[in-house]
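K.L.:
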Amino acid sequence: MSYLGSELRRRGLRFGLYSSASEWTCQGLPGSLGFEAEDAASFAAWGVDYVKMDNCGAPHEPSPRERFARMGEALRAATTRPVVYAVCDWGVGEPWLWARGTADSWRVGGDSSARWGSLMASIDAMTGLGAYAGPGGWNDADMLEVGNSGLSEQEQEVQMALWCLFKTPLLISTDLRGGDEQISASRDRHALESCSPSSSSKFHEGNGDCVDESPPRISPRALSLLKNKNLLAIHGDSLRVAGDLVWRQAHKHVFAAPLAGDARVLVFLSCAVTDNVQPLTRMSMPWTRLGYASHTRLDVLDVLENRSLGVVSEGIVVEVLPHSVKVIVVRPEGRSEALVGERREGTASSRQPLARKVGQKTASWTPWADEPMFAPHPQDVRGYVGSLHVV
């Protein structure tokens with residue numbers, strides 16, 4: 026195992042291992058409960074860089090907080106090397122309330138799969154938790170499904186955009202070697218075949234999801250999405266503030282986050298059904314909702330198209346296709362910085378609480394500065410739409 030770790034690092038990779046804070050792992054192999062010190066010593070001797078601790082078959086006692094803390098303490102005692110420690114109790118024990126100082130990330134919901142319903146469940150689980158994330162501890166929405174069959178190209182953009190806004194760990198779950206397969210829609214033939222009893226895939230009766238054990242190699246478009254410099258810069262922005270929901274009305278959602286240089290990123294999400302006779306959903310956002318003065322003039326960038334929309338005052342109106350996003354970055358006019366915030370390389374593994382980070386930049390506005398607005402009716406909010414203008 027030591028050789029494996031050395032060889033991975035020689036190739037520019039990192040060495041990650043999996044265990045469980047229980048007697049048995051989810052695969053029925055021995056877990057780490059009661060053997061935290063021994064396992065942590067082995068991980069340290071092997072040069073492990075990342076440890077995921079799962080929760081299958083967990084006992085009622087000790088509590089999740091105590092069980093996961095044992096491995097965190099054991100890792101700190103076993104090595105002075107930075108080891109990213111990721112805990113996974115699927116959010117049932119509300120780890121965002123206690124895992125900071127114990128772990129570097131904590132899962133907030135169930136396992137992801139390449140299905141629209143699963144993606145929406147992960148987004149719902151992340152909503153409202155942005156204030157708990159920051160340097161030293163992050164909410165974990167589970168792995169990216171970009172490149173896997175089951176999500177359309179637009180749905181994969183939804184996941185990548187929001188995972189970057191949430192600042193959740195970006196863990197890729199597909200074959201990166203590339204191939205000629207085309208990304209297919211969520212109800213395509215491959216998805217149906219992968220659920221059939223004769224296929225080699227596993228069918229999970231609990232949630233109806235089917236998982237292809239031999240996923241297709243990634244398409245060029247999906248690979249390009251994973252490498253999108255604008256999205257990755259949002260994820261690695263030097264301000265290091267997680268985004269959250271700021272407005273929701275029926276199938277319309279707007280998420281936002283502050284970026285360095287007094288910038289903001291907005292993700293407009295439409296969850297409208299894909300066979301809607303009126304496919305485009307109109308959404309609006311006034312600058313005052315983002316902490317700017319009403320007549321502030323902002324440079325606007327369409328992130329996915331990498332296209333400047335010019336200078337806009339008062340607010341913005343966008344149109345979004347079903348199961349799609351529009352990603353916008355805004356910055357006060359005339360700033361010399363690039364529209365997308367500065368990218369920080371690497372993963373912060375400091376275990377200091379957020380409030381104690383020395384030299385930590387502060388945001389002038391956060392998504393939780395005001396309560397999210399949930400409009401009671403399915404119509405557009407009209408109060409400011411007509412007054413917006415593009416210069």
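With the numbering used here applied, the sequence shown corresponds to residues 26 to 416, in that order.
Glycine included, every Cβ here is placed at the ideal spot set by N, Cα and C.
What you are looking at is a predicted structure, and each value in this text was computed from that prediction instead of being measured.
Under a three-way DSSP split, which group does Y43 fall into?
P.N.:
Note: Y43 maps to strand in three-state DSSP.
K.L.:
Closer than 8 Å by C-beta to L29: which residues in its own chain qualify, once you throw out the five before and the five after it? Chain order, please.
P.N.:
Contacts found: F40, W71.
K.L.:
Around the C-beta of Q184, are 16 or more other C-beta atoms found within 10 angstroms, so that it is buried, or is it exposed?
P.N.:
Q184 comes out buried.
K.L.:
For N95, collect the residues of the same chain with a Cβ closer than 6 Å to its Cβ; drop the 5 residues on either side in sequence, then sort them by chain order.
P.N.:
According to the sequence displayed, residue 95 carries Arg and not Asn. Excluding residues within five positions, the ones whose Cβ falls inside 6 Å are E61.
K.L.:
Under the DSSP definition of a beta bridge, which residues are partnered with L169?
P.N.:
L169 pairs with I197.
K.L.:
Select from L284, P283, V352, T299 the residue whose C-alpha is nearest the C-alpha of S309.
P.N.:
Closest option to S309, Cα to Cα, is V352.
K.L.:
If contacts are defined as beta-carbon pairs under 8 Å, then L284 and V343 qualify, I think. What distance do you get, rounded to the angstrom?
P.N.:
At roughly 18 Å, the Cβ-Cβ gap does not stay under 8 Å, so L284 and V343 are not in contact.
K.L.:
G153 and D269 look like a contact to me (Cβ under 8 Å); what is the Cβ gap, rounded to whole Å?
P.N.:
With a Cβ gap of about 7 Å, G153 and D269 count as contacting.
K.L.:
Measure from the alpha carbon of W393 to the alpha carbon of each residue in Q181, N253, V266, H348, then state which is nearest.
P.N.:
Residue V266 is the option with its Cα nearest to W393.
K.L.:
From D200 to N173, what distance separates their C-alpha atoms?
P.N.:
Each residue's alpha carbon lies about 8 Å from the other.
K.L.:
Residue ranges of each beta strand (DSSP E) run of no fewer than 3 residues wholly in the segment 324-367, ordered along the chain?
P.N.:
Runs found: 332-338, 340-345, 349-357.
K.L.:
For the beta strand (DSSP E) that contains F280, what are its first and last residues?
P.N.:
Unbroken beta strand (DSSP E) run through F280: 277-284.
K.L.:
In this structure, does DSSP put G162 in helix, strand or coil?
P.N.:
Here G162 sits in strand by DSSP.
K.L.:
V112 and T127 - do their beta-carbons sit closer together than 9 Å?
P.N.:
For T127 and V112, yes; Cβs fall inside 9 Å.
K.L.:
Return the first residue and the last residue of the beta strand (DSSP E) that P311 is part of.
P.N.:
306-311 is the span of the beta strand (DSSP E), which, as asked, contains P311.
K.L.:
Taking just the CA atoms, how far does S130 sit from G25?
P.N.:
Nothing can be reported for residue 25, as the shown portion of the chain is limited to 26 through 416.
K.L.:
Taking the beta strand (DSSP E) that Q274 falls in, what are its first and last residues?
P.N.:
Counting along the chain, the beta strand (DSSP E) containing Q274 begins and ends at 269-274.
K.L.:
Over the uninterrupted alpha helix (DSSP H) stretch that includes Y317, give me the two end residues.
P.N.:
Element bounds for Y317: n/a, residue is neither H nor E.
K.L.:
So with Cβ pairs under 9 Å, would you call T306 a contact of chain D?
P.N.:
The structure shown has no chain D; it contains just one protein chain.
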